[in-house]
Amino acid sequence: MSTVSEPLVGSSRSLSAAKRHKSIRKNSRRIYSAYQDHQQGSSDDEDKEEERVDSNDPEEMFQNIQYQKEIIANIRTRPWPMRRKLKVLKQAREIVLKYEGRLTRTRGYQTAGADLLKKLSRVLYNIVVLFIPWEVRIKKIESHFGSGVASYFIFLRWLFGINIVLTIMTGAFIVLPELLAGAPFGTTRSKTIPKEHMASAQDLDTIWSLGGYLQYSVLFYGYYGRLRKIGSAGYRLPLAYFLVGMAVFAYSFIILLRKMAKNSRLSLASASDENFTFCWRVFCAWDYLIGNPEAAESKGAAIVNNIREAIVEEQEKKKDTSLAVLISLRILANILVLLSLAGSIYIIYFVVERSQKLEQEKPELTLWEKNEVSVVVSLITMIAPSAFELVSQLEMYHPRTSLRFQLARVLVLYLGNLYSLIIALLDKVNSMSSAVPVSPGNWSDPSSFLATISQPEVDSLSTLVSEISEPRHSTITTIATLLNVRNTSTSSPGSFSNQTSLFEKNTRSQQDPCWETYVGQEMLKLSIIDMIFTVASILLIDFIRGLVVRYLSDCCCWDLESKFPEYGEFKIAENVLHLIYNQGMIWMGAFFSPCLPAFNVLKLIGLMYLRSWAVLTCNVPHQQVFRASRSNNFYLAMLLFMLFLCMLPTVFAIVRYRPSQHCGPFSGQEKIYDIISETVASDFPLWFSKVMSYVTSPVVVLPALLLLFMLIYYLQAIARSLKFTNNQLRMQLQTERTEDKKKVFQMAAARLNAPEAAADKKPDQQESDITSQEASLNTPSPQRNGSVTNFSSPVRHGNSIRTITQSASRAHLNRGRVAGSVRSPTVTILPKHRPEHIPNRAPPFVFGPSGTCRSKSYHHMAYNPPARYSDNIHSDPLYRKAIRSIHPVEAAGIITAQSYGGRRGHTTRYVIVNEHEPRKKLLRSSTRIPRHYLMEEPAEILELYPRNIKRYTPRATQHQPHPHRAHLSHQHLSEEEEDEEDGKGRRRMVSGKAHRPRSLSDLHQPAHFYIGDHVERHVSVVKGAHTRARVRYGGQGEDEEENDEGEMDWGDLELNSRVQANVRAADSLLVRTRRHIHSPDRHCQSPARTRHMESFVKPKMRPKLETPLTESDSASLASSSDQQNSSTDQYIQVIHNKEHHLKADAGQGKLAKKKSKTNFDLNVIESNDLVCSNV
Amino acid sequence: MKLLHGRYRELAPHLVPLDYTNNPDIRVPPTLIVTMPELKENPFRDRIVETFSEDGHGNLSFNDFVDMFSALCETSPRELKTIYAFKIYDFNRDNFICKEDLKKTLNKLTKGELSPEEVLLVCDKSMEEADLDGDSKLSFSDFENMVSKAPDFLSNFHVRI
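Chains as they are written, first to last, in my numbering: chain A, 222 to 1396; chain B, 18 to 178.
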């Protein structure tokens, strides 16, 4: 008793010591193990326990903490059930908390601070989200109608943001200064309402057409003063006006391009050319956000349509029916579209002309006549898209292409509208500005005379007015009276009726030339009317229709909801286009009407609420799926296009036309941009203007342009080459992936074939190596055997003495041989094995010469060969195993024949055990907890021994319990051959399972890493049972393929099953022999121990043994996947193994022994079962 | 969290206690879960619930419930989503999407509006497209490869609560 217990204790101690040595690495291992072990939640806890015991070294603690933190950081990405996540998280946090304080105070505080910061930032983030405008609303829409519809609103919000910035720019730098420091209303002529308009200045229709007070307000260009500097600070308003006007465009450009770049970066991943048309339609079509039944329905319909389309496309890829008809139809459709485009352009131009004429001919315009232009434009923008849609049905394009056509056409239409409008306006402007010099022809001298006269007159008057108004605080009424006074004053001196009329004309001619205001007015008017039409269309077309459809569908003879009127669809693309058009108007008019962005902000707010309300109440999503992710940049590209095109007329007007002479900040200048040169000339030092003149000279500009072109070309070339490499890399990735797949499948196929083919294969060498590895697992024991020589005799007494002896003898032979031949460390030994394999298979005498074995073993050998060859293909692997087992012996260097003898007897029992062993190992390895070793295993051992004893003496008693167990194990084996692999395989499986989701996806590299970890783990496990592990690793080092191992295992499995069935005696023998290999070591010790232990812990045994089995089964599922990884990574393993060897050699022979003992014990028990069943 | 629990409780007020301090083992049956507005229109709702339930029958404990929404939330990583999407579409849980699974997916998606021939054609075609290794079933890596290139998988595969 004392002898037994002491080594145990010693082993535990040395174990912990060993752990400390490698603790750093182990920590990492542990962490991963926590991930990897699905089934063994309990083990994690124990792990932790162990952790506490052994980590004192600060470095290691730090590492540990780092790892735990890693866990915490990555826990979200793991596909585990929440409970496990929570557990691991809690555990990791505990460890971090516990050790962090120990490490250094400051570090602890730091992390605490960081935590606090993180929490705060999270809260802040949440608050910020609350303040993002319409976030909640958009999310709600998104959750009802999917991301497509939401993208419209997100786009709208983004535009809103841009307009806010534009508003701030114009507001802060133009409008506010003008309001605060500019000349007050009514002080200058450009800021006063002419007398004859005074009466109607407050009329609704005047206001409506943006005349009257509105016309003479900060809304429009004309109101702004021409003074170079205003206010006490000397704010240069005209300069600011010009710069802001340009900045609006510049800012829009920059923000747009940035957004586009960002988007394209985001969508880079999905930019591949590959197409999974059907798969995407099946797996990625459903928008999980949809929660509204109607949306779901239409989405479902859209998906069905989509799939149908794809089918039809697939079916009709080749045949093209009635091509001629189709082409003619398409041509017709395009002609129609072009006609309507031309028509709309002509109408707009015509209307502008007419309105101009009307304005000149009629003093009083009706409401219609005033708003004719914008109403017509809005009508066209509303109606034409629907017409286009009708036309596009003629074309019978694929829905997506037709959608594209539709979008393109609508865009062209909008652009055409805007352009024809602005051109008509500019035309008018042209005629207006030319009218001033030309008009003298009509009115001849008087007008010009008056014009000249009026100037001083007005000046004096204005001074007069200001004088009067200053005391009285010029209110509007006072001004009006003053103006009357002025009128009378001018008329009274001359007192010609003629003159008054002339004056009126004159004032008008003065006021009309303010074409900038006029353009601004038109744009604003257009914007307003557009808004009204939008609102109206939403209310009428969507809301009323929705109401009608919903409530009248009962009293109608057809189903309103699914047939004719239906519900209004929310056409994302067209709505987005409308937004773009709207923004285009803003850009176009912003220079002439600085408040246009502000107005647009209001408009967008209104639109947001109205649209979202309409969408939620009375719309269904468009059936044509407009891809949100891609469309984002599509929208932006259109917007960019629009911006560019809208900028052109403005810039053209700025460059081409002379600013109005009597209104606006640039009045009196030849060109608007003269303000820049003027500023440069007057406000900057002389050298600057000189430099500027140089810079702007063609000498500099031309080379700069050239340089730019070169740069563009160069960048483009780079981009092209990058694209090329990108493509190549992708191809490479693809081929690699497919190759890996192929490999995997080959392996799988090989595995399947392995059981049958194993015997035939001559490439067996590798296999044999593998097998030897497996065998080596168990081998460590020989050392002990050496010490415990004489147990053999009792064993033999069993019924199957013969077989036993045979198998045993083989094992002995191998060992003896190897031992004799190879004394060097395992690694070196391995190469030698290969040549030896063949001899093993060959007749028995081969063995004979090799061994240091005793005579007994030889005898046995002789018996064996016949049995083997005759019966089983599978025997080969077994032999190999035996060979392997030799290695440990060598390492130990202590193998005596006596021990062999002892082994034989025991070996018979082990047949099945070996396979189970690994499982147990798995458990242990995964848990890696000292406790297990200390607590559980001893118990097992105790139990096991008793059994052995029992077995030997009273066999009958054992039979009953065993068979069922054996069956268990067998069933597992038989059920899933793949599952059954040796210890290694299983370990891998466990780990493999955990990793599976990742490793597959991440190509092989990740797998490598994981495997590395596993190996480490193995090593750690090995610590427990050093000798065994060592041997095994050595074997691995030799072999470069694990597959073979797998094959081997199968062979074993089959054998086992056969044994169960009792089909062939020989088979059973073989099986036994294998087990022998593993078993011998333990047996030597076992008898002694067994007796001691007998009385101990029997009851515990059962449950423990069985649970491991089941666990291993579940784990085994993953094994197949693991294999691939492992195969690639083998060399890593080898390295580890070596390390391990070194360590192991360094000095824990004792531990190893103990471990091995325990394992063996387990095996023994199972083996007993098997034997029983066989018998 | 509180919100989630609120939602969870709202499904079965008689089953779910407000107090979770002593970890009661409570599961809400799938019939109740799928009535959530977030799920009730989803053709795969049953599969979603089953995938996330620990017992595999769709009974969701609160942990599972949280799990479900953490995997389906907007910010969860693509890999995780892919894993769960694969699980959802793997009807028979054999870790492969085979033709049967595809058929079921299609039928759920289209509510049976496609004719059997069409379904078959689509199945064949999708297999052809995505099955890189030629075993006529989609392994996870096939699936991942396919989904990683889908432009709107991420935007589509999430649920807002």
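C-beta: ideal position from N, C-alpha, C; glycine also.
Taking the alpha-carbon positions, what's the residue i to residue j distance?
i                      : j                      : result
residue 511 of chain A : residue 364 of chain A : 5 Å
residue 161 of chain B : residue 76 of chain B  : 27 Å
residue 65 of chain B  : residue 174 of chain B : 12 Å
residue 760 of chain A : residue 833 of chain A : 12 Å
residue 859 of chain A : residue 830 of chain A : 24 Å
residue 169 of chain B : residue 840 of chain A : 23 Å
residue 837 of chain A : residue 362 of chain A : 7 Å
residue 104 of chain B : residue 71 of chain B  : 13 Å
residue 458 of chain A : residue 432 of chain A : 24 Å
residue 925 of chain A : residue 467 of chain A : 22 Å
residue 811 of chain A : residue 376 of chain A : 21 Å
residue 69 of chain B  : residue 351 of chain A : 31 Å
residue 822 of chain A : residue 100 of chain B : 44 Å
residue 791 of chain A : residue 866 of chain A : 27 Å
residue 902 of chain A : residue 594 of chain A : 42 Å
Might you give, ordered along the chain, the residues of its own chain that have their beta carbon closer than 8 Å to the beta carbon of residue i, omitting 5 neighbours on each side?
i                      : result
residue 568 of chain A : 597, 601
residue 461 of chain A : 394, 395, 398
residue 74 of chain B  : 47, 67
residue 900 of chain A : 457, 460
Short check: CB of residue i to CB of residue j, under 8 Å?
i                      : j                      : result
residue 813 of chain A : residue 737 of chain A : yes
residue 451 of chain A : residue 402 of chain A : yes
residue 136 of chain B : residue 124 of chain B : yes
residue 95 of chain B  : residue 171 of chain B : yes
residue 391 of chain A : residue 818 of chain A : yes
Decide if residue i is buried, meaning its Cβ has at least 16 other Cβ atoms within 10 Å, or exposed.
i                      : result
residue 346 of chain A : exposed
residue 330 of chain A : exposed
residue 797 of chain A : buried
residue 158 of chain B : buried
residue 889 of chain A : exposed
residue 704 of chain A : Note that residue 704 of chain A has pLDDT 42, beneath the 50 cutoff, so the model's placement of it is unreliable and the number below is only indicative. Per the 10 Å Cβ criterion, buried.
residue 972 of chain A : buried
residue 789 of chain A : buried
residue 768 of chain A : exposed
residue 23 of chain B  : exposed
With a cut-off of 8 Å on the beta carbons, I'd call residue i and residue j a contact; round off their distance for me.
i                      : j                      : result
residue 562 of chain A : residue 633 of chain A : 6 Å
residue 296 of chain A : residue 311 of chain A : The Cβ separation is near 10 Å, so there is no contact.
residue 481 of chain A : residue 864 of chain A : That belief does not hold up - the Cβ atoms of residue 481 of chain A and residue 864 of chain A are roughly 12 Å apart, past 8 Å.
residue 440 of chain A : residue 745 of chain A : 7 Å
residue 91 of chain B  : residue 500 of chain A : Contact doesn't hold; Cβ gap of about 23 Å is too wide.
residue 623 of chain A : residue 616 of chain A : 6 Å
What does a CB cutoff of less than 7 Å around residue i pick up in its chain, not counting 5 residues either side in sequence?
i                      : result
residue 290 of chain A : 317
residue 93 of chain B  : 87
residue 528 of chain A : 502
residue 435 of chain A : 428
residue 32 of chain B  : 43, 45
residue 558 of chain A : 609, 612, 630
residue 638 of chain A : 565, 569, 598, 601, 602
Any heavy atom of the ligand NAD closer than 7 Å to the beta-carbon of residue i?
i                      : result
residue 972 of chain A : With respect to small molecules bound, the structure shown includes none, and the ligand NAD cannot be examined in it.
Near residue i, which residues of its chain fall below 6 Å by C-beta distance, leaving aside the five closest residues on each side in sequence?
i                      : result
residue 82 of chain B  : 25
residue 740 of chain A : 646, 813
residue 896 of chain A : 459, 460, 463
residue 167 of chain B : none
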